[in-house]
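Residues in the sequence shown are numbered from 295 upward in steps of one, following our numbering. Glycine residues also receive a C-beta, built at the ideal position from the N, C-alpha and C atoms.
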Amino acid sequence: MKIKVLIVDDSALIRGVMKEIINSQPDMEVVGVAPDPIIARDLIKQTNPDVLTLDVEMPRMDGLDFLEKLMRLRPMPVVMVSSLTERGSEITLRALELGAVDFVTKPKMSIQSGMLEYTELIADKIRAASKAKVKARQIHDPSKPATESALPLIRNPLTSSEKLIIIGASTGGTEAIKDFLIQMPSDCPGILITQHMPPGFTKSFAQRLDNLCKIDVKESEGGERILPGHAYLAPGHSHLQLVRSGANYMTQLDQGPPVNRHRPSVDVLFHSAAVHAGKNAVGVILTGMGKDGALGMLEMKNAGAYNFAQDEASCVVFGMPREAIAVGGTHEVGALQALPGMVLGYLATHGSRALRV
């Protein structure tokens, strides 16, 4: 049974290119195209698609308004098609909050050839979306911090200064990371994060998290000393790595080739944590498509780190956690809402025995 896809985009060129890309895949087919959400509404009823691709900026009805109504009245997997602009990134992040599974970006130059180069990426995201668990989300007002969700302070300076929390995620990860970080107290250990996301979106994502969380969140610039109560997000153009400088942990950026087809790559971050933090690292692998991070998490475990994975029931896509569990890289598995407490509980009982490496 082929994956049925409905394309919603006001650009005839994009509709045509997307249709060509999707129909070239043996396991999917386009069952309809719509230039705006009004026409899309009728086509959804007629074609009953498995996945919807939706332009973020649409005529006649705003794409976000349409998505919000869709998720309330007929929840289904949606992949947003976003422009590489600041406004596009803000709209896309809001769409992910509203329940979109993932997004792809439109290339700036030579739209047709650029989109054709994205064939494999688009196909992978549609496949992942077709298997995603779509459910109602609790929507946060982006203008209001959600700090009331934070867990109690650790009150152990050794725990905060010696330990590190290392997080990797992909499909569904923007919301999972937000849900995790919102619960972090202001004295938690320093946190490093790799989320598969293209350049131009990570800065907006970090700013959004910073507004919502009790801890400070920023897009890593490289060369930062890693401090308690701070989280550093890999920028979309570079791998994020952990290094040491004397007694300090530092961030380092690397624009080397993609690993597991990703830059930034979770495996690169996890490998660096295994080498430079060892027993002082706590690994967390969240929802995501593929296997990036699995072998890196196993390296962390072998180096003495303690690792957690998100469970299948709470994942949007149980790909990366499943692979990490399968290779034996994890110690505990838990639901997303429980993971922050599990991580802090482990740190509370083991942090005082932190070892310098």
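Length of the line joining the Cα atoms of residue i and residue j
i	j	result
Gly587	Ala423	20 Å
Ile619	Leu589	10 Å
Leu328	Lys298	In the sequence under discussion, the amino acid at residue 328 is Ala, which differs from the Leu named in the question. Cα to Cα, Ala328 sits roughly 14 Å from Lys298.
Val324	Lys585	28 Å
Ile420	Ser566	31 Å
Arg557	His531	7 Å
Gly613	Glu606	9 Å
Gln319	Arg555	19 Å
Ala306	Pro353	13 Å
Asn596	Leu390	35 Å
Lys339	Lys425	20 Å
Gly550	Pro529	13 Å
Tyr543	Val511	17 Å
Tyr412	Asn317	14 Å
Arg647	Tyr640	Reliability of the predicted coordinates at Arg647 is poor, the pLDDT of 46 falling under 50, and the value obtained from them is presented with this limitation in mind. Whole-angstrom Cα-Cα distance: 11 Å.
Arg538	Thr545	8 Å
8 Å Cβ cutoff met for residue i and residue j
i	j	result
Gly523	Ser480	yes
Val611	Met636	no
Leu348	Met374	yes
Thr496	Leu547	no
Ser498	Ser383	yes
Leu300	Thr341	yes
Val372	Leu346	yes
Thr488	Leu458	no
Gly393	Leu415	no
Gly467	Thr581	yes
Ile385	Leu364	no
Leu521	Ala571	no
Ala470	Leu630	yes
Pro615	Ile579	yes
Thr399	Pro492	yes
Ile460	Leu563	yes
Met355	Pro331	yes
Strand pairing of residue i, partner residues [DSSP]
i	result
His524	Asp510
Gly626	The sequence shown places Glu at residue 626, not Gly. According to DSSP, Glu626 bridges with Phe602.
Val299	Val324 and Val345
Thr488	Gly462
Ser539	Asn542
Gly393	DSSP lists no partner for Gly393.
Ile579	Gly462 and Ala603
Arg519	Met544
Phe495	In DSSP, Phe495 forms no bridge with anything.
Val398	Val375
Closer than 8 Å to chain D by CB, residue i
i	result
Val350	Included in the structure is just one protein chain, with no chain D present.
- [ ] Only counting runs of 3 or more residues, tell me where the beta strand (DSSP E) segments fall wholly within the segment 313 to 390, in order along the chain.
- [x] 322 to 328, 345 to 349 and 372 to 377
Open item on the list: Between the segment 596 to 608 and the segment 559 to 576, can you find at least three pairs of beta-carbon atoms closer than 8 Å?
Closed with: yes
Task: Cβ contact check for the segment 505 to 519 and the segment 458 to 477: 3 or more pairs under 8 Å - done: yes
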